[in-house]
Amino acid sequence: CWNSFAIYILAVFDPYFFKLCEKSGGTGSWLAPSLVRLGRVLSQQGKQVKLYFVDPDRVESANVLRQCFCDAEIGLNKAKTLALRYSLAWKMEVTAIAQPFQPEWIVPSYNTLIIVTACVDNAKARKSITQVLQHNTHRPAPHIWHLDCGNSKRSGQVLLGSHLSTNPNDYHFEALGCFRLPAPTVQQPDLLVPQPEELADNNLSCEQMALLNNQSLSINQRVAAEAFDYLLQLTAGKLRRFATYFDLESGSGKSLYTTQVSIMQAILLGQSCA
């Protein structure tokens, strides 16, 4: 049930600049239009918003239907395709980067809130994204947040965090709210463990790879919807949860709310699973 004792997550006092950076893909392709809509809403509120879509991959026939691409887009770069489509639809400038994500691209600056939304399916990409949170280490309030979206065939999770520390004492609450949260990879360290299909020396056949990656047609949209609400609430200063898990098969879901106990339990559970 909803926790009425959860405290609000504070994401920098009234930032003027927003940078929303998304790594495209299955979930990312469904989240992309929502990001652009959010960017337009923030712009109408007088904020300066910069949107970035990052993905080196091209659309393949296997991506059509499960991901938000059509047959006519096969062979085109995913980031460029999504950026063109939605920048024209909502008159928002979107920068497409057709390269693997590089941590050095993210440089915090005064009065700027950067949200990196990771819609990736491999440990290597998550590791590079996690590195950007090192900028928050010595800051009283983070200027960079990492929203991680993940799923399997019929289940998924959305995790939000800002710091790499595994010391529960580093996540004390202030009178105004919660400034820091453990990074997604602190909450769930196995996100950084390569799966068998990611290893360079794997002996999986094409058929076995296809079976491993066989997912429900609805799971990516479900993850994207949850992630969008996280972003919407975070930028409005109304978010009171930092992790959400759900299962389509059973129709069940669970969120971890921003209480001191929940954060401590998430860190300790992550340490026990590391």
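Using the working numbering, the first residue of the sequence shown is number 84, and each one after it goes up by one.
Beta carbons: idealized from backbone N, C-alpha and C, even for Gly.
Quick one: Cα of residue i to Cα of residue j, how far?
i, j, result
"A172", "R123", "11 angstroms"
"C153", "S112", "11 angstroms"
"I346", "N194", "26 angstroms"
"K102", "K130", "11 angstroms"
"G158", "L196", "34 angstroms"
"Q271", "T249", "12 angstroms"
"L315", "D138", "23 angstroms"
"L242", "L274", "11 angstroms"
"H221", "A155", "48 angstroms"
"Q127", "T110", "26 angstroms"
"F325", "K210", "19 angstroms"
"W228", "Q214", "11 angstroms"
"L259", "A94", "11 angstroms"
"I92", "D140", "34 angstroms"
"C261", "A179", "33 angstroms"
"A293", "F311", "Residue confidence for A293 is low, a pLDDT of 48 falling below 50, so the modelled location carries little weight; the figure read from the coordinates is stated next. Each residue's alpha carbon lies about 28 angstroms from the other."
"Q348", "L167", "43 angstroms"
"A208", "A181", "14 angstroms"
"A206", "L247", "16 angstroms"
"D253", "C202", "27 angstroms"
"G108", "Q354", "29 angstroms"
"L165", "R323", "30 angstroms"
"V132", "I212", "20 angstroms"
"S288", "N297", "With a pLDDT of 45 at S288, under the threshold of 50, the predicted position of this residue should be treated as unreliable, and no value is reported."
Could you tell me which of the options sits nearest to residue i, measuring between CA atoms?
i, options, result
"Q217", "L300, L243 and A266", "A266"
"Y169", "F136, R209, E309 and Q150", "F136"
"D330", "L196, E309 and L264", "E309"
"V306", "P139, D140, T327 and K207", "T327"
"L148", "G353, S333 and Q304", "Q304"
"I302", "T268, T220 and L114", "L114"
"L352", "G260, V269 and T213", "V269"
"L54", "A155, Q150, K163 and T110", "Outside the shown range of the chain (84 to 357) lies residue 54, about which nothing can therefore be said."
"P191", "C202, G109 and A224", "A224"
"V199", "S211, A181, L230 and Q182", "L230"
"E332", "S299, Q343, Q354 and V344", "S299"
"I350", "L264, Y313 and R323", "L264"
"Q343", "L322, Y313 and P251", "P251"
"K174", "K207, R120 and A181", "R120"
"G320", "G108, L125 and P116", "L125"
"A89", "H226, E257 and Q354", "E257"
"S117", "Q354, L322, Y313 and R323", "Y313"
If we count the other Cβ atoms within 10 Å of its Cβ and call it buried at 16 or more, is residue i buried or exposed?
i, result
"D204", "buried"
"C356", "exposed"
"E176", "exposed"
"T318", "buried"
"E105", "buried"
"K161", "buried"
"N245", "The displayed chain sequence assigns Ser, not Asn, to residue 245. Buried."
"N219", "buried"
"P277", "exposed"
"H255", "exposed"
"G233", "buried"
"G334", "exposed"
"Q150", "buried"
In the DSSP output, which residue or residues are listed as bridge partners for residue i?
i, result
"K102", "K133 and I197"
"L243", "L230"
"F184", "F184 pairs with nothing; no bridge assigned."
"C261", "I92"
"G336", "F329"
"V177", "L134"
"R237", "In DSSP, R237 forms no bridge with anything."
"N160", "R141"
"R324", "Y340"
"V124", "Answer is none; V124 lacks a bridge partner."
| At least three beta-carbon pairs within less than 8 angstroms, the region 142-152 to the region 180-199 | Contact between the region 142-152 and the region 180-199 is absent: fewer than three C-beta pairs spanning the two stretches fall below 8 angstroms.
| said: With a threshold of 8 angstroms, are at least 3 pairs of Cβ atoms found where one atom belongs to the region 338-353 and the other to the region 233-240? | reply: By the C-beta criterion, the region 338-353 is judged not to be in contact with the region 233-240, since fewer than 3 inter-stretch pairs fall below 8 angstroms.
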